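Participant: Provided herewith is a single structure, encoded as structure tokens, for subsequent inquiry.
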Amino acid sequence: MDVMKSFSLEGRVALVTGAAYGIGFAIAEALAAAGARIAFNCRTQANLDRALADYAAKGIDARGYIADVTKEDEVASLVAKIEADLGGVDILVNNAGVIKRIPMTEMSAEDFRQVVDIDLIGPFICAKAVIPGMIEKGHGKIINICSMMSELGRETVSAYAAAKGGLKMLTRNICSEYGGANIQCNGIGPGYIATPQTTPLRERQPDGSRHPFDQFIVAKTPAGRWGTPEDLMGPAVFLASDASDFVNGHVLYVDGGILAYIGKQP
């Protein structure tokens, strides 16, 4: 067996949802470097145009489409367009997501539903749309971007934690239901990642000290730092490739060791 060749994605088509920036963009970049042809979606034309320019600047010939992952008809149309333009989807990365940091008793049911719709129902809809084609091809890889919040609770993220906990179990159920069709469904559970969304949590204070949350995360992480989108590239290629053909229903936590660590004694 050629071990290095088993990581190649040459000839594969990858759909990475919400891959206009941040984690999704980094994963798409990694899959492209391994040989995959990249498709992604955005909900607005402005975001799509910006993302296409960013991909072009990286030398990646990505195909972008307008689609909302919470709408079954739009996702069905998205998958059909990708098949017509690139071929059937071999790899699905369910990355599109949202978080609303609101105390539970102050959160409206509407806000709670929106988070669940995007973070849990969206991956269900997208997986449902690509699985028949994967069965027909005889293989497929589904990677759900999960979270440490499927293992731990924290104040203000009740909807997000509930959705990501559900996504962990959806990952296991897809494995259980379609593993016999040579479809592997796994998750990546990022730790705290330095992205534009987390910039406010890492800004220096007026006195030059670190943000209290920044201090908290670094102290709780054995690696002693925040993760970067690049830290997720290798795990994504592994789970998208033939190298992970006997890995199924697993969530790979890329968190610098935070889930393994109880913290320093005061």
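For the sequence shown, the tail end lands on 260 under my numbering, and the numbers increase by one without skipping.
Each residue gets a CB set at the ideal place from its N, CA and C atoms; glycine is no exception.
Note that the coordinates shown come from a computational prediction; the quantities given were computed from them, not determined experimentally.
Entirely within the region 112 to 172 and at least 4 residues each: give me those alpha helix (DSSP H) ranges in chain order.
Facilitator: The region 112 to 172 contains these whole alpha helix (DSSP H) runs: 116 to 131 and 152 to 172.
Participant: Could you give the DSSP three-state label for residue 34: helix, strand or coil?
Facilitator: The answer is strand: DSSP assigns residue 34 an E or B state.
Participant: Near residue 133, what residues of its chain come up, given a Cβ to Cβ distance below 6 Å and the 5 sequence neighbours on each side ignored?
Facilitator: Once the five neighbours on either side are set aside, the close Cβ partners of residue 133 are 176.
Participant: Spell out a yes or no on whether the region 76 to 90 and the region 113 to 130 are touching, meaning 3 or more CB-CB pairs, one atom from each, closer than 8 Å.
Facilitator: Taking 8 Å as the limit for Cβ pairs, the verdict is that the region 113 to 130 does touch the region 76 to 90.
Participant: So residue 154 and residue 60 are in contact, right, with Cβ under 8 Å, and what is the actual spacing, rounded?
Facilitator: The pair is not a contact, with the Cβ atoms about 25 Å apart (cut-off 8 Å).
Participant: Does residue 232 come within less than 9 Å of chain D when only Cβ atoms are used?
Facilitator: Protein chain content of the structure displayed is limited to a single chain, and chain D is not contained in it.
Participant: With three or more C-beta pairs closer than 8 Å as the rule, is the region 197 to 207 touching the region 130 to 150?
Facilitator: No, the region 130 to 150 does not touch the region 197 to 207.
Participant: Evaluate residue 38 with the Cβ neighbour count: other Cβ atoms within 10 Å of its Cβ, from every protein chain shown; 16 or more gives buried, anything less gives exposed.
Facilitator: Residue 38 is exposed by the Cβ-count criterion.
Participant: From residue 162 to residue 81, what distance separates their C-alpha atoms?
Facilitator: Roughly 28 Å separates the two Cα atoms.
Participant: On the three-pair Cβ rule with 8 Å, is the region 43 to 62 touching the region 97 to 110?
Facilitator: Because the criterion of three Cβ pairs below 8 Å is not met, the region 43 to 62 and the region 97 to 110 do not touch.
Participant: Taking C-beta to C-beta, are residue 20 and residue 32 nearer than 9 Å?
Facilitator: No, they are not a contact pair.
Participant: At what residues does the alpha helix (DSSP H) containing residue 233 begin and finish?
Facilitator: Counting along the chain, the alpha helix (DSSP H) containing residue 233 begins and ends at 227 to 234.
Participant: Helix or strand or just coil, what does DSSP make of residue 57?
Facilitator: Strand at residue 57.
Participant: Can you check whether the CB of residue 181 is closer than 9 Å to the CB of residue 245?
Facilitator: Going by C-beta atoms, residue 245 is nearer than 9 Å to residue 181.
Participant: Taking only the alpha-carbon atoms, compute the straight-line gap between residue 36 and residue 56 and give it to the nearest angstrom.
Facilitator: Each residue's Cα considered, the two are about 13 Å apart.
Participant: DSSP on residue 182, reduced to helix/strand/coil?
Facilitator: Residue state, collapsed to three classes: strand.
Participant: Is residue 88 helix, strand or coil by DSSP?
Facilitator: Reduced to three states, the DSSP call for residue 88 is strand.
Participant: Would you call residue 259 buried or exposed, if buried means 16 or more other Cβ atoms sit within 10 Å of its Cβ?
Facilitator: The residue is exposed, with fewer than 16 neighbouring Cβ atoms inside 10 Å.
Participant: Could you please give the first and the last residue of the uninterrupted alpha helix (DSSP H) stretch that includes residue 46?
Facilitator: 39 to 51 is the span of the alpha helix (DSSP H), which, as asked, contains residue 46.
Participant: With a CB to CB cut of under 7 Å and the five nearest residues on each side skipped, what residues in its chain are close to residue 66?
Facilitator: Here the set comprises 119.
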